[in-house]
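Per the numbering used here, residue 370 is the first one in the sequence shown, and the count goes up by one each step. Yeah, the Cβ is synthetic: ideal placement off N, Cα and C, and Gly gets one too. Okay, structure first, notes after.
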Amino acid sequence: MMGEILFLVHRIPYPPDRGDRIRSYHILRHLAARAPVHVVGFVDRPGDVAKVAPLRQICSSLFVDVRRSRVSAGLRAMAKGDSISLTAFRSRAMKAEVKRLLKKRPIDTIFVYSGQMAQFVPEDRGGRRFVMDFVDVDSEKFASYGAKAAGPKGWIHRREGELLQAFEIETAERADLSLFVSEAEAGVFRHISGLGADKVKAVSNGIDTDYFDPAAFPRKDEQNDPLIVFTGQMDYKPNVDAVEHFAKRTFRAIRAKHPNAVFAIVGRDPTPAVKALANRNVIITGEVPDVRPWLAAATVVVAPLEIARGIQNKVLEAMAMARPVVVSAPAFEGLDAERGKHLIVAERLDLANAVSDLIRDPKAAEAMGKVAREWMIQRYGWEAQLTALDDMVGFDGEAADA
């Protein structure tokens, strides 16, 4: 009979409305249906503490702390020679809560979501199982930033990548199992760490195809101006870089063929650089209560990311909503789908032509969207993706007591 689970998470998974929270929320629900789970994690702002209260209906206990600001973490990390990412998630209160739970509760598994939280796993675990869900190889993301940026910014990113890589390898060596969102990410980490497939495995993201169902948002028959949609957290650097380049270059080429086309950037916390892109043909929505109406209305959904790790939830959501999707090669990596059948993969020079071709041929676009949704239902349901966790975590097949 399995004991209880300690679930450490860098961002409390509620509401499940952004990539990292979507994955962690579904993993948490899966675990909590099988054993009592104690959730310990951070929120970004003090005002977010009240928003996560509904999770108490799922978990046995919930402890929340507010993480440091990026500026404060950066200054402190530079002064001490530490990783900025790890410093941002340092917390004496959280360390004390982990110690208390491990002492008071019959916990036999520590499940850690996101590498920053591994710092709270004690060296002496008392025989408890330690499952580390890195999701992506974060160190490689910072290395990519460093390769693209010049001057002090590039140096800071390269430094962060090196420090994180050392920490990731050290963490994986002491964990019983390390998980990644795709086989491609797992393969990268096996190469970096020298660990084998018995210690490093892939558990893919899924999609709730009942929630992301285009039938709830019927499309209008009349021909509207072409609407191109990008969704995502708009203070996240890869998203910001992607929409800046698309709006300034790719979209101009599209409008040369389709002058009435509109590009909608849909997501919370747009940076000043993103807001500056707004004009009569570029819409910046900011936070929206529901992304599905925007996806349903889209003529084409784009994900032209130059830096992307793992599987992009934005792509799964658009495909589940039966929309034709055009992505860059980095955004396609790790996704089990067929180019040209389920979606279009194009590089920067070809993105404009790929989007324009779909706008010109609505029947082909609709057919691709329909096939994409069918593939999401068949391949990417959450329950199918997370079944593998049962053996990894050591469940005996019994559900948790209500």
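Delimiting residues of the beta strand (DSSP E) encompassing residue i
i, result
"Glu759", "A small correction: the amino acid at residue 759 is Asp; Glu does not occupy that position in the sequence shown. Element bounds for Asp759: not the beta strand (DSSP E) but the alpha helix (DSSP H), Trp751 to Val762."
"Gly655", "Val651 to Gly655"
"Ile597", "Leu596 to Thr600"
"Ala553", "Element bounds for Ala553: not the beta strand (DSSP E) but the alpha helix (DSSP H), Glu552 to Ser562."
For residue i, the residue or residues it bridges with in DSSP
i, result
"Gly672", "Here residue 672 is Ala; the residue named in the question, Gly, does not match the sequence. Ala672 is bridged to Val696."
"Asn574", "DSSP lists no partner for Asn574."
"Ala633", "Val598 and Ile652"
"Ser430", "His407"
"Phe549", "Val504 and Ala571"
"Val435", "Val412"
Nearest neighbour of residue i, chosen from the options [CA to CA]
i, options, result
"Phe804", "Tyr749, Ala422 and Leu377", "Because the chain in this structure spans residues 370 to 771, residue 804 falls outside the shown range and cannot be described."
"Lys617", "Glu752, Asn648, Asp759 and Lys464", "Asn648"
"Val670", "Val643, Glu735 and Phe376", "Glu735"
"Asp726", "Glu752, Pro415, Val643 and Lys626", "Lys626"
"Ala753", "Ala741, Thr578, Tyr605 and Arg729", "Thr578"
"Val504", "Ala555, Asp493 and Glu539", "Ala555"
"Pro693", "Ile623, Gly520 and Pro731", "Pro731"
"Leu431", "Phe376, Pro521, Asp594 and Ser547", "Phe376"
"Val440", "Leu720, Lys449 and Ile453", "Ile453"
"Ser438", "Ala419, Phe458, Pro384 and Arg425", "Phe458"
"Glu743", "Ala611, Arg527, Ala687 and Pro699", "Ala687"
"Gly495", "Pro475, Asp502 and Val481", "Pro475"
"Thr478", "Glu529, Ile374 and Ala698", "Ile374"
"Val557", "Met603, Tyr514, Asp493 and Glu702", "Glu702"
"Asp759", "Leu471, Lys710 and His399", "His399"
"Thr619", "Asn722, Ala401, Arg436 and Arg425", "Asn722"
"Asn629", "Ala404, Thr668, Ala706 and Trp751", "Thr668"
"Asp493", "Arg543, Ala465 and Arg445", "Arg543"
"Val550", "Leu718, Leu712, Val724 and Ile391", "Ile391"
"Ala733", "Asp594, Glu529 and Ala691", "Ala691"
Cβ-Cβ distance between residue i and residue j below 9 Å
i, j, result
"Ile427", "Val409", "no"
"Val506", "Glu537", "yes"
"Phe586", "Pro662", "yes"
"Phe764", "Pro673", "no"
"Ser460", "Asp434", "yes"
"Gln534", "Ile576", "no"
"Arg498", "Asp567", "no"
"Leu596", "Val569", "no"
"Asn650", "Asn574", "no"
"Ser483", "His379", "yes"
"Thr654", "Ile680", "no"
"Arg637", "Asp610", "no"
"Ala715", "Val740", "no"
"Leu685", "Met745", "yes"
"Val359", "Val500", "The requested residue 359 is not part of the displayed model; the chain covers only 370 to 771."
"Arg527", "Ala512", "yes"
"Ala848", "Thr456", "The first residue shown for the chain is 370 and the last is 771, placing residue 848 beyond what the model contains."
"Ile728", "Pro699", "no"
"Arg678", "Glu509", "yes"
Continuous alpha helix (DSSP H) stretch holding residue i: start and end
i, result
"Thr456", "Ile453 to Ala457"
"Ile623", "Phe620 to Lys626"
"Val609", "Lys606 to His614"
"Leu377", "Taken as a continuous stretch (DSSP letters only), Leu377 belongs to no alpha helix (DSSP H), being part of the beta strand (DSSP E) at Glu373 to Val378."
"Met447", "Arg439 to Lys449"
"Arg661", "Arg661 to Ala666"
"Pro641", "Pro641 to Lys644"
Residue i Cβ short of 8 Å to the ligand NAD heavy atom set
i, result
"Glu735", "As for the ligand NAD, it is missing from this structure, which has no ligand bound."
(request) Output the residue ranges of the beta strand (DSSP E) runs that lie fully inside the stretch 459 to 546 and measure 3 residues or longer, sorted by chain position. (result) 476 to 482 and 498 to 504
(message) To test your reading of the DSSP string, which unbroken beta strand (DSSP E) runs of 3 or more residues are found completely within the stretch 394 to 427?
(response) 406 to 412
(request) Kindly provide the ranges of any alpha helix (DSSP H) runs that are 4 or more residues long and lie completely inside the stretch 680 to 753, ordered along the chain. (result) 682 to 689, 698 to 701, 717 to 729 and 731 to 748
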